[in-house]
Amino acid sequence: MSYDNASIEELANALETEKAIRDNTLREISEIERKLKKKQEEVDPIGTVAILLHSITCKHNHTDGCSWFYEIVNGVHDWSRSEHAAQRHRAMLLLSSSVKKGVDADTVITVLKELQK
Ligand SMILES: [Zn+2]
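Quick look at the structure:
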C-alpha cells in the first residue's frame, strides 16, 4: 500500500481529529467521575469519611493485609464486611464528635482530603 501526499495529509488530519475526540471524551469522563464522587459524598458522608480514613491510616497491604480491596465488589463497597465496618464505625465516631463541636461533614471531608495529599 502506498500513500500520496494528499492521503497522508488526510490520514494525519483524521488521526488528529480522532485524538481530539478521545481527549474530549476523557475530559468528559473525568468530569462525570468528579461529579459522581461529589454526589457520593453528599449521599453518604460516613462512607466517604470511612474511605478517606482507610486511605490515610491503613499501612497494610489492602488485599491480604486488611482485606479492603476484597470487600469491594464490582466497584461497590460492602460495608457489612469487617474492614469496611470497622472504618465506617471510626467514621461515625469522628463525624459525631465533629458535629457536636460544630464542624460539619463537609469540613471533615475537606480536612481529610488535605491529609491524604
Ligand atoms: Zn488497607
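First residue of the sequence shown? That's 0 in numbering that gives the first Met the number 0, and the numbers climb one at a time after it. We put the beta carbon where it would ideally sit given N, CA and C, even for glycine.
- Residue pairing by DSSP puts Ile71 in a beta bridge opposite His76.
- Residue Leu111 holds the alpha-carbon nearest to the alpha-carbon of Ser97 among Leu111, Glu8 and Ser29.
- A straight line joining the alpha-carbon of Gln39 with that of Ser66 spans about 22 Å.
- Contact check for Ile108 against Leu51 passes: the beta carbons are separated by less than 8 Å.
- Rounded to the nearest whole angstrom, the CA to CA distance from Asn4 to Asn23 is 28 Å.
- Assigned with DSSP and collapsed to three states, Ser6 falls in helix.
- Inclusion of Gly64 in the 7 Å shell around ligand 1 follows from its C-beta lying nearer than that to a non-hydrogen atom of the ligand.
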